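This report concerns only the one structure given below.
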Amino acid sequence: MVPPVKAARDKGILHSVPMFSQFTQQGVIWADGSEETIDAVIWCTGFEPNLDHLAPLNVLEADGKVQVKDGQAVKEPRLWLFGYGDWASPGSATLIGAGRSARENVPTLLEFLVRDG
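Residue 151 in my numbering sits at position 79 of the sequence shown, and the numbers go up by one each step.
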């Protein structure tokens, strides 16, 4: 665990929240039935992503992958996958690799949120 995450945990401001149960047009529905409006979803998929849960969004190709351009899903522009795609290597499964992808793609995400959010 990196120092800022440890510090947040130690301050009691880092909390684990189970994944939401479904998407809506404006956001997500949590397991308790509450709905929350969200601007964007950024999946942290890991080195071997399991993307089956994205099937209801109709973003999966025949091979089970999501087509992305600069981290943004081609079929669903509100979906972003940083550190995902053909460039993946063992280093991309690390904080350094994920950070590199985020640095490259966050400016485009911010432009999207300002323009469309």
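Beta carbons: idealized from backbone N, C-alpha and C, even for Gly.
As the structure is a prediction and not an experimental result, all values here were calculated from the model.
What number of angstroms, rounded off, separates the C-alpha of residue i from the C-alpha of residue j?
| i | j | result |
| --- | --- | --- |
| ALA103 | SER93 | 6 Å |
| LYS23 | SER88 | Here the chain covers residues 73 to 189 and nothing more, so residue 23 does not appear. |
| GLY171 | SER106 | 32 Å |
| GLN98 | ARG150 | 10 Å |
| VAL100 | MET91 | 10 Å |
| VAL245 | LYS141 | Absent from the structure is residue 245, since the part of the chain shown begins at 73 and ends at 189. |
Which residues does DSSP list as the beta-bridge partners of residue i?
| i | result |
| --- | --- |
| ALA145 | VAL140 |
| VAL113 | LEU151 |
| LEU132 | VAL138 |
| PHE95 | VAL100 |
| GLU176 | DSSP output for GLU176 lists no bridge partner at all. |
Start and end of the beta strand (DSSP E) containing residue i?
| i | result |
| --- | --- |
| VAL100 | 99 to 101 |
Taking all protein chains shown into account, decide if residue i is buried (16 or more other Cβ within 10 angstroms of its Cβ) or exposed.
| i | result |
| --- | --- |
| VAL146 | exposed |
| GLY136 | exposed |
Specify, as a first and last residue, the run of the alpha helix (DSSP H) that residue i falls within.
| i | result |
| --- | --- |
| ALA80 | 75 to 83 |
Got a sec? Which residues, its chain only, sit under 7 Å from residue i by beta carbon, not counting five neighbours each side?
| i | result |
| --- | --- |
| GLU148 | LEU129, VAL131 |
Leaving aside the five residues before and after residue i along the sequence, list all residues of the same chain whose C-beta is less than 8 Å from its C-beta, in chain order.
| i | result |
| --- | --- |
| LEU181 | ALA112, ILE114, GLY143, GLN144, TRP152 |
Kindly list the residues whose CB is nearer than 6 Å to the CB of residue i, restricted to its own chain and excluding five residues on each side of it in sequence; keep chain order.
| i | result |
| --- | --- |
| ALA127 | none |
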